[in-house]
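Position one of the sequence shown corresponds to residue 253 (my numbering), numbered consecutively onward.
Some notes on the structure that comes next.
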Amino acid sequence: KNIALTRLQRCKSCDGTGAASGAGRKTCSTCGGQGQVQQMARTLFGPSMTVVTCPACEGEGHIVSDPCPECRGEGRERGQTTLTVRIPAGVQEGNYIPLHGQGEVGPRGGPAGDCLVFIEEKEHDYFIRDGNHVIYRLPLGFAQAALGAEVEVPTLSGKALLKIPAGTQSGRVFRMGGRGIPDVNGRGVGDQLVEVVLWTPEGLSRRERELFTGLAELEKERVAQEGESFFAKVCKAFGS
């Protein structure tokens with residue numbers, strides 16, 4: 253994947269030296285090119301000599317006498333670039349990929365740092381990620397759930413058939429092994445979990461309404477019979 257970013261990179265006018273064309277860098281007269289100077293500090297135990305970064309050259313040991321007008325002596329300027337990033341399979345949100353030496357360059361010829369590419373997952377239209385597993389909510393009609401059916405479901409590798417047994421209840425989860433996301437460390441592949449969600453139709457036709465009304469009457473009779481059977485079992489258990 254290619255990404256575009258803005259970063260501090262080597263100045264094209266001075267090639268990162270910070271000096272104007274034809275000019276050079278002089279040895280710092282304050283530190284003699286060492287980048288450090290000794291400094292006297294007063295402590296509770298008396299005067300103490302310490303070594304600090306040279307304030308004149310900021311520790312570089314050199315001073316630009318004639319700064320580059322483009323970068324003002326910094327040796328770097330802000331510019332745009334495009335980097336190619338290899339995204340490994342199974343990487344998760346919050347992980348990052350380091351691109352060594354592709355960060356911002358240091359001042360006046362200093363080495364470049366690293367570019368850290370953080371992963372952010374986009375929300376999918378119908379898949380939900382759970383670690384290496386993928387969750388898919390399957391809308392199912394009453395008739396399909398009651399009678400059973402063979403339905404086509406989407407997976408990460410294409411469409412696949414899933415057998416729904418008769419009497420399937422809403423909320424039941426079916427596991428499709430090996431249809432999930434590969435582990436980023438190469439430890440196998442996750443599964444796809446298909447959760448059944450019963451779909452209630454809207455805007456019924458006259459014929460559909462008649463069929464559902466008849467079904468509702470049958471359901472009342474069945475619920476009543478099962479209720480009587482359950483009550484009889486309870487009475488028998490308590491010796492009534």
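Glycine included, each C-beta is placed from N, C-alpha and C at the ideal position.
Exercise. Taking C-beta to C-beta, are Ile433 and Gly442 nearer than 7 Å?
Worked result: Yes, these two residues count as a Cβ contact at 7 Å.
For this session: Locate the alpha helix (DSSP H) running through Leu408, then write down its first and last residues.
Result: Looking at the DSSP string, Leu408 is not in any alpha helix (DSSP H), and its letter there is neither H nor E.
Exercise. Which residue comes first and which comes last in the beta strand (DSSP E) that contains Ala256?
Worked result: DSSP places Ala256 in the uninterrupted beta strand (DSSP E) bounded by Asn254 to Arg262.
Exercise. How about Gly270 and Arg262: are their beta carbons less than 7 Å apart?
Worked result: Cβ distance not < 7 Å, so Gly270 and Arg262 don't count as in contact.
For this session: Would you mind working out which of Cys306, Leu450 and Arg424 sits nearest Gly284, comparing C-alpha positions?
Result: When each option's Cα is compared against that of Gly284, the closest is Cys306.
Problem set entry | Limits of the unbroken beta strand (DSSP E) element including Phe379 | Counted as a single uninterrupted DSSP element, the beta strand (DSSP E) harbouring Phe379 occupies residues Phe379 to Asp382.
Problem set entry | Those runs of the beta strand (DSSP E) which lie wholly inside the stretch 340-381 and span at least 3 residues | The qualifying runs are 348-351 and 367-370.
For this session: Taking 7 Å as the cut-off, decide whether the C-beta atoms of Val446 and Ser422 are in contact.
Result: Taking C-beta atoms as the reference points, Val446 and Ser422 fail to come closer than 7 Å.
Problem set entry | Terminal residues of the beta strand (DSSP E) in which Gln421 lies | No beta strand (DSSP E) contains Gln421, which DSSP labels as neither H nor E.
For this session: For the beta strand (DSSP E) holding Gln444, just list the boundary residues, first then last.
Result: Per DSSP, the unbroken beta strand (DSSP E) holding Gln444 starts and ends at Gln444 to Leu450.
For this session: Taking 8 Å as the threshold, find out whether the stretch 397-411 comes into contact with the stretch 341-360 through three or more Cβ pairs.
Result: Judged by Cβ distances under 8 Å, the stretch 397-411 makes no contact with the stretch 341-360, as fewer than three pairs qualify.
Problem set entry | Gly355 beta carbon less than 7 Å from that of Gly346 | Cβ distance not < 7 Å, so Gly346 and Gly355 don't count as in contact.
Exercise. When we look at the beta-carbon of Glu404 and count the other beta-carbons within 10 Å, is it buried (16 or more) or exposed?
Worked result: Counting Cβ neighbours within 10 Å, Glu404 comes out exposed, since fewer than 16 surround it.
Exercise. Should His376 go down as buried or exposed, given a rule of 16 or more other Cβ atoms within 10 Å for buried?
Worked result: When all chains shown are included, His376 counts as exposed.
Exercise. Of the residues Lys264, Glu402, Val369 and Phe379, which one's Cα is nearest the Cα of Glu322?
Worked result: Minimum Cα distance to Glu322 is reached at Lys264.
Problem set entry | As assigned by DSSP and simplified to three states, the class of Gln291 | It is a strand residue.
For this session: Return the residue from the list Arg381, Ile371, Ala418 and Asp318 that minimises the CA-CA distance to Ala275.
Result: Of the listed residues, the one whose Cα sits closest to Ala275 is Asp318.
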